[in-house]
Amino acid sequence: MLDNAANVGRILRSKLRKHLRTKGDPLTIRDMREEIFDWNVRLLMIENACFTLDELSVKYWGECQPIGNVEHANFEPGYSSIIKFIAQGLNQRNIRLSCPVETIEWRQSISTGNLSQANAKPVTVTLADKRRIFADCVIATCSLGYLKENYKKMFNPELPLHLSQAIECLGFGLVNKIFLDFGEPWWGPNDQGFQFIWSKNGRRIFSKQKLATWTRDLTGFNILEGHRAVLLGQVAGRGAYIVETLSEQQVALDCINLLRHFLKREDISVPRRCKRTQWHSNMYIRGAYSHISTNCDATAVTPGILGKPVWCTVTREARDKCIPVIMLAGEATHEKYYSTTHGAFETGIRQAKTFLQYHTEKKC
Ligand SMILES: Cc1cc2nc3c(=O)[nH]c(=O)nc-3n(C[C@H](O)[C@H](O)[C@H](O)COP(=O)(O)OP(=O)(O)OC[C@H]3O[C@@H](n4cnc5c(N)ncnc54)[C@H](O)[C@@H]3O)c2cc1C
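Going by full-length UniProt numbering, the residue at position 243 of the sequence shown is 243; the numbering climbs one at a time, nothing skipped.
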């Protein structure tokens, strides 16, 4: 039975305390367990894109499923290659790039008697340059971060309760990546990377301002697959927000100070190039990916609810037909694979099938 204040962070801390009490280990072993726990917390914050583990629902913990056989699939030319591949099979005249959508007006009911073409369509999409598109249906795939910030002014009339509640309750946090390119590796051929496990005393170095505080939220650096001289680090929590405000030169220096201190190697050179993502600053993304937050516990909101269509009743020749007119897709709408690209992909296919089912067959 979960109490009202249950969350993943709290449960894990209490389990650790209980474990340490019952184990009765010597102090050094006990400290070591706590230090590894601390690393794990940082890793879970990255995996769940959250500011703290206290945001995560225990009730829905474990809903996000691993995909199975393929653990890692790297797309060498980047994810845009998938989009390009799909777009090849489409009529290029129907693809409009760099056209941000500003508003989506929709109608709950529509009568298609003698109306003009514009009025006969249940959806009007207005672009940022004020051009309008009249549509039968919209599948919107903007991120949950974008929706949280814009849904109230984007949709007119406002979205039904099940969607507005899901947008408000589901969580959408921040993770950023840092790439450090050294030109030549300074590590050994068998090294895979470096993980930062801080002793309790060692952590004081951050408060003494010898190391940049944001770097405390890094779990470590791994050697980027296929790039023998590049280290890749990920950061969530407060550090993920701070890193967006710093220059890449500063990010590189902070990381090098950390690596030099941690590995006790002053000879580590400054990287040739540093790249860091800024997913929160991107006004069309506003974060990284979604999680099920404690706000979902009471409302029973899950990602699948965000994928439920908005319906419109169309009356034609005195007959009513219900059609979906707005459908949200994207990672945050997948019941089992939320927070992933394959989840996002599957929801797009699913909503497209729903569109075909209702807009090409005579069903109600
Ligand atoms: C650091 C990091 C690491 C990750 N690692 C992994 C991983 O290892 N494996 C994995 O599977 N996933 C990973 N992800 C998550 C993955 O990137 C997302 O789940 C995926 O990109 C979601 O796709 P989407 O189509 O739902 O949304 P998005 O990729 O956010 O695409 C939404 C698109 O909508 C556009 N848009 C928004 N608003 C408008 C508007 N008003 N008008 C027009 N267009 C608009 C945006 O510009 C954007 O192009 C990671 C994400 C991050 C940030």
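Here a beta-carbon is modelled for each residue, glycine too, at the ideal position from N, C-alpha and C.
Since the model is a prediction, treat every value here as computed from it, not as a measurement.
Determine whether the beta carbon atoms of residue i and residue j lie at a separation below 8 Å.
| i | j | result |
| --- | --- | --- |
| T341 | Y79 | yes |
| A329 | Q357 | no |
| H261 | I223 | no |
| V235 | L180 | no |
| F172 | G62 | no |
| K200 | D31 | yes |
| Y337 | C64 | yes |
| N295 | C169 | yes |
| V310 | L163 | yes |
| I323 | C312 | yes |
| R238 | K177 | no |
| Q195 | W39 | yes |
| T302 | Y151 | no |
| A49 | L174 | yes |
| residue 371 | A332 | With the chain represented from 1 up to 364, any question about residue 371 goes unanswered, as that position is not in the structure. |
Starting from residue i and walking both ways along the alpha helix (DSSP H), at which residues does that stretch end?
| i | result |
| --- | --- |
| E35 | 27-48 |
| Q88 | 80-88 |
| S14 | 8-23 |
| P303 | 303-306 |
To which residues does DSSP link residue i through a beta bridge?
| i | result |
| --- | --- |
| G233 | I178, F221 |
| I104 | V125, F155 |
| P324 | W311 |
| H291 | G171 |
| L161 | Answer is none; L161 lacks a bridge partner. |
| R316 | R319 |
| L56 | S293 |
What did DSSP end up calling residue i once you bin it into helix, strand or coil?
| i | result |
| --- | --- |
| A140 | strand |
| M154 | helix |
| H72 | coil |
| I285 | coil |
| T277 | coil |
| Q192 | coil |
| R203 | coil |
| F355 | helix |
| L147 | helix |
| E110 | Reading off the sequence, residue 110 comes out as Ile, not Glu. Correct three-state label for I110: strand. |
| residue 373 | Nothing in the structure corresponds to residue 373, since the chain is present only between 1 and 364. |
| I349 | helix |
| L211 | coil |
| L246 | coil |
| R97 | Per the sequence shown, the amino acid found at residue 97 is Leu instead of Arg. It is coil, neither helix nor strand. |
| A240 | helix |
| H261 | helix |
| E331 | helix |
| V251 | helix |
| G183 | coil |
| G343 | helix |
| K363 | In this prediction, K363 scores a pLDDT of 48, lower than 50, which makes its location untrustworthy; the coordinate-derived value is nonetheless stated afterwards. In the structure shown, K363 sits in coil (DSSP, three-state: anything other than H, G, I, E or B). |
| Q92 | helix |
| A300 | coil |
| I67 | coil |
Could you spell out the range, first to last residue, of the beta strand (DSSP E) harbouring residue i?
| i | result |
| --- | --- |
| F51 | Per DSSP, F51 belongs to no beta strand (DSSP E) and is neither H nor E. |
| A135 | 132-135 |
Any beta carbon of chain C sitting closer than 8 Å to that of residue i?
| i | result |
| --- | --- |
| I205 | Of the protein chains in the structure, only one exists, and it is not chain C. |
Three or more beta-carbon pairs under 8 Å between the region 204-221 and the region 264-273, yes or no?
Because the criterion of three Cβ pairs below 8 Å is not met, the region 204-221 and the region 264-273 do not touch.
With three or more C-beta pairs closer than 8 Å as the rule, is the region 141-161 touching the region 235-249?
Fewer than three Cβ pairs drawn from the region 235-249 and the region 141-161 lie within less than 8 Å of each other, which leaves the two stretches out of contact.
Contact between the region 139-155 and the region 324-338 is defined here as three or more beta-carbon pairs at a separation below 8 Å; is this criterion met?
Touching, per the Cβ criterion.
Does the structure place the region 102-113 close enough to the region 79-90 that three or more beta carbon pairs sit under 8 Å?
When Cβ pairs closer than 8 Å are counted between the two stretches, the region 79-90 is seen not to touch the region 102-113, the count staying below three.
The region 8-22 contacting the region 41-55, beta-carbon criterion three pairs below 8 Å
The region 8-22, when compared against the region 41-55, does touch it at the 8 Å Cβ threshold.
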